[in-house]
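Heads up, the sequence shown is in this note's numbering, so the first residue is 4 and it goes up one at a time.
Beta carbons: idealized from backbone N, C-alpha and C, even for Gly.
Computed from a predicted model, the values in this text were never measured in an experiment.
A quick write-up on the structure given underneath.
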Amino acid sequence: MAPLAKAFKDKGWQVSGSDHCGVYPPMSDYLKNNNLQYVEGYSENNLKKETDLVIVGRSALMVDPRNPEYFRARFLKIPTISYPEAIAKYLIKKESIVVAGTYGKTTVTALVSWILKKAGKDPSFMIGGQPLNFPDGVCLNDSPFSVVEGDETPDLFPSDPPKFLFYRPKYLLLTATHWDHPEIFSSKEEYLSAFSKLGKLIPKDGKLIYNLDNVDPKLVKEFKGKKISYSFSHHKADWFITDFLKKSEKTELHFNKLLKIKTVLLGRANWENICGALALCSSLGVDQKSLISGVETFLGVKTRLEFLGRHADKYFYWDFAQHPEKVKASLEALRDHYSKNRIICVFDPSASILKYKESLNWFTAAFSAANMVLINRISFIKEIKKNDRVKGQDLVEAISKGNPEVSLVVYCPLKSQINDFLRAKTSKDDVIVFMSSGGIEFTKLIEENVSDFKNFKY
């Protein structure tokens with residue numbers, strides 16, 4: 004919400020906001036540095052009568068269904084819209100590009116936006132993370148192009164439509180459609196149904212760009228328009244990678260379209276993301292020089308296998324991975340790059356997919372590229388019955404059973420336990436990767452450990 008507020012401010016709007024509790028770094032720093040006014044706590048006094056528009060974030064009504072600001076706005080008949088409705092109204096353009104899928108969409112959205120900018124198309128964009136090539140994750144431009152990360156989950160209430168259905172895609176890029184968010188989609192079929200509805204929004208002159216390996220074939224078959232496939236190595240795809248060569252800290256990728264491009268991004272999942280972005284941008288008429296320049300200058304997205312530095316002779320990474328496929332892909336990327344190093348994964352099981360016992364089987368082979376796994380505290384959803392909740396030892400047993408290559412799996416519910424382990428048990432050239440979808444406490448844990456090793460005295 005904050006990057007959108009800044010985008011409106013950059014357009015000359017007067018913008019203010021509120022949140023139910025304290026705002027913490029880095030978001031509090033972002034608001035302060037950009038002179039964005041906000042108050043803590045909801046009150047009808049926060050809302051001025053002359054307000055022209057109210058945008059309601061998801062947490063505003065989840066935390067307080069009787070939110071006084073929301074009902075004050077309704078009473079005053081001030082136009083009140085949700086976040087995806089705001090994106091649809093003020094950011095989506097005629098040449099609307101939507102990137103959707105179970106994982107990879109943030110990186111692909113950022114890369115497509117960057118390539119189009121390098122090509123002089125200056126798109127408006129909304130990226131669901133902090134891109135390292137742009138100062139902000141939201142940008143409003145006058146170009147006919149927009150690039151938006153499409154989320155399959157509803158916004159305010161479970162009965163609401165998926166957010167991405169608001170974004171009117173002319174060009175849809177699908178990265179993967181592996182069942183996720185079981186608290187919202189009770190079955191794989193229900194999950195795929197959301198993507199099916201999205202595909203049906205593409206006009207006749209639009210295009211579907213899809214991952215041949217990870218998108219359900221039924222969805223592809225449903226779409227009757229122009230289709231472009233991509234893959235890491237599947238030779239039946241329209242775009243695929245023919246070879247990859249390690250060049251110092253970069254990797255040189257060879258594509259079937261006679262392209263050779265170097266990238267700082269690690270791992271097959273990221274290289275597949277690059278392939279998808281190239282397939283899309285090429286279909287829009289972007290020239291080869293801009294394609295190469297865009298990829299070779301792309302730095303990635305914060306917390307997407309982000310390199311935090313080398314401290315005390317150890318390598319530190321931060322990754323957003325929570326879905327088992329993404330966990331596996333990120334760890335394999337590190338294993339490919341650090342073939343002889345020990346990899347210690349500190350896993351924060353905060354995603355909803357990890358709250359259900361039935362999800363344990365999905366993780367049996369996800370950590371095979373790691374040497375050690377530390378599991379942070381598992382919280383639970385009250386709606387889940389006690390017998391159906393995942394406990395720390397359940398995840399330890401599942402990972403140990405399915406990943407014989409992992410020498411040690413430990414449940415560390417306390418932050419201090421993780422701190423102590425990393426100080427006592429890690430060695431020179433170890434690779435330490437923190438995997439978390441966010442959360443203030445885990446962010447502090449990462450910052451403390453990186454800072455501690457950074458200031459290590461020999």
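query	result
With H, G and I counted as helix, E and B as strand and the rest as coil, what does DSSP make of Ser454?	helix
From His23 to Tyr233, what does the alpha carbon distance come to, in whole angstroms?	43 angstroms
Would you report the Cα separation of Leu222 and Val150, rounded to the nearest angstrom?	22 angstroms
Could you pull the DSSP bridge partners for Gln40 from this structure?	Ser19
Identify the residues that DSSP records as bridge partners of Lys317: which are they?	His314
Whole-angstrom Cβ separation of Lys121 and Ser293, contact assumed at under 8 angstroms?	5 angstroms
Considering only the beta carbon of each residue, do Phe226 and Leu215 sit closer than 8 angstroms?	no
If I'm right that Tyr318 touches Glu309 with Cβ under 8 angstroms, what's the distance once you round it to whole angstroms?	12 angstroms between Cβ atoms; not a contact.
According to DSSP, His257 sits in a beta bridge with which residue or residues?	Asp246, Lys263
Flag this pair as yes or no: are the beta carbons of Leu195 and Thr180 separated by less than 8 angstroms?	yes
By Cβ distance below 6 angstroms, which residues in the same chain neighbour Phe128 in space, the five residues on each side in sequence not counted?	Ser116, Cys142, Val150
Closer than 7 angstroms: is that where the CB of Ser99 sits relative to any heavy atom of the ligand ADP?	This structure lacks the ligand ADP, and indeed carries no ligand of any kind.
May I ask you to list the residues that DSSP assigns as paired with Asn504?	Because the chain is modelled from 4 through 461, residue 504 falls outside the range shown and cannot be assessed.
Is it the case that the stretch 439-454 contacts the stretch 415-430, given that we only count it when at least three CB pairs across the two stretches are under 8 angstroms?	yes
Just verifying my parser: in three-state terms, what is the DSSP assignment at Ala76?	helix
In whole angstroms, what is the alpha-carbon distance linking Leu119 and Ser46?	42 angstroms
Along the alpha helix (DSSP H) that carries Met65, what are the first and last residues, could you check?	61-66
Taking the beta carbon of Glu444 as the centre, do at least 16 other beta carbons fall within 10 Å, making it buried, or is it exposed?	exposed
Give the straight-line distance between the Cα atoms of Pro416 and Lys224, rounded to the nearest whole angstrom.	46 angstroms
So, helix, strand or coil for Ala368, using DSSP?	coil
Enumerate in chain order the residues of its own chain whose CB-to-CB distance from Ala3 is below 7 angstroms, with the five nearest sequence positions on each side excluded.	Past the edges of the chain, shown from 4 to 461, lies residue 3, and the structure says nothing about it.
Starting from the C-beta of Leu7, find all residues in its chain whose C-beta is less than 6 angstroms away, skip the five residues before and the five after it, and write them out in chain order.	Val141
Assuming Ala197 and Pro165 form a contact by the criterion Cβ under 8 angstroms, report the distance between their Cβ atoms to the nearest whole angstrom.	5 angstroms
Would you list, in sequence order, the uninterrupted beta strand (DSSP E) runs of no fewer than 3 residues that lie entirely inside the stretch 139-215?	148-153, 174-177, 210-214
Counting pairs of beta carbons, one from the stretch 402-412 and one from the stretch 361-373, are three or more of them closer than 8 angstroms?	yes
Evaluate the contact criterion for the stretch 57-66 versus the stretch 151-163: three or more CB pairs, one atom per stretch, below 8 angstroms.	yes
Could you tell me the alpha carbon to alpha carbon distance between Arg392 and Leu268, rounded to whole angstroms?	36 angstroms
When the Cα atoms are used, what is the spatial distance from Tyr359 to Phe323?	20 angstroms
Considering only the alpha carbon of each residue, which of Glu53, Gly270, Ala89, Asn49 lies closest to Tyr73?	Asn49
From this set, Asp219, Thr245, Lys265, which residue's C-alpha is nearest Ser251's C-alpha?	Lys265
Measure the alpha-carbon distance for Thr110 versus Gly303 and round it to whole angstroms.	7 angstroms
In this structure, does DSSP put Phe459 in helix, strand or coil?	Here Phe459 scores only 48 on pLDDT, less than 50, and its place in the model should not be relied on; the value that follows carries that caveat. If DSSP states are grouped into helix, strand and coil, Phe459 belongs with coil.
Give every residue of the same chain whose Cβ lies closer than 6 angstroms to the Cβ of Ile295, excluding the five residues on either side of it in the sequence, and list them in chain order.	Ile264
Give every residue of the same chain whose Cβ lies closer than 8 angstroms to the Cβ of Phe1, excluding the five residues on either side of it in the sequence, and list them in chain order.	Here the chain has residues from 4 to 461 only, and residue 1 is not among them.
To the nearest angstrom, report how far apart Glu152 and Asp145 are at their CA atoms.	19 angstroms
Measure from the alpha carbon of Ile381 to the alpha carbon of each residue in Ile205, Gln325, Asp432, then state which is nearest.	Gln325
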